[in-house]
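Numbering that gives the first Met the number 0 applies: residue 0 is where the sequence shown begins, and numbers increase by one. Ideal Cβ placement from N, Cα and C applies to all residues, glycine included. Just so we're clear, the structure is a prediction, and the values are computed from it rather than from any experiment.
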Amino acid sequence: MKLLCLSNGHGEDAIALRIILALQQQPEPPKILALPIVGEGKVYTHHGIPLAGAVKTMPSGGFIYMDGRQLARDVQGGLLQLTRTQLRTVRDWAKQGGMVLAVGDIVPLLFAYWSGAPYAFVGTAKSEYYLRNEQGVLPRPSVV
């Protein structure tokens, strides 16, 4: 089996890496490659996991939702070309009979769905930390 692991950020890369390392301990581990959609995926290469395609750190660092100017800088920095190349990489993987593991939010999930390959999704809901953390419910900020 061949598995392409998609992730979209440092935290998601770390979660995906833990899954990959567990899969590699199986008696017949799959051939695994990673494709970080955001950033360069250094956590993968540091652990010997090959990257499947093009990666690039964008000027925003992956936080384009916080400011429209960040999105403009990323587009000028090659975001559209990178996304097109990454989508092509995922589609080519699927054509070769590979499976996809998407880790993160809607972005890697859409990449996996669009590939046409069998896929699994591990959602990483960070929004819960606005309401609670490991110690319990967080105090609500004053509206005033």
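query                                                                                           : result
DSSP-derived helix/strand/coil call for Val-89                                                  : helix
Separation of Gln-134 from Leu-86, as counted between CA atoms                                  : 39 Å
Residue nearest to Thr-159 in terms of C-alpha spacing, selected from Leu-81, Gly-52 and Gly-47 : What is shown of the chain runs 0 to 143, which leaves residue 159 out entirely.
Option nearest Leu-78 by Cα separation, candidates Ser-59, Ile-14 and Ile-105                   : Ser-59
Euclidean distance between Cα positions of Leu-16 and Met-0                                     : 18 Å
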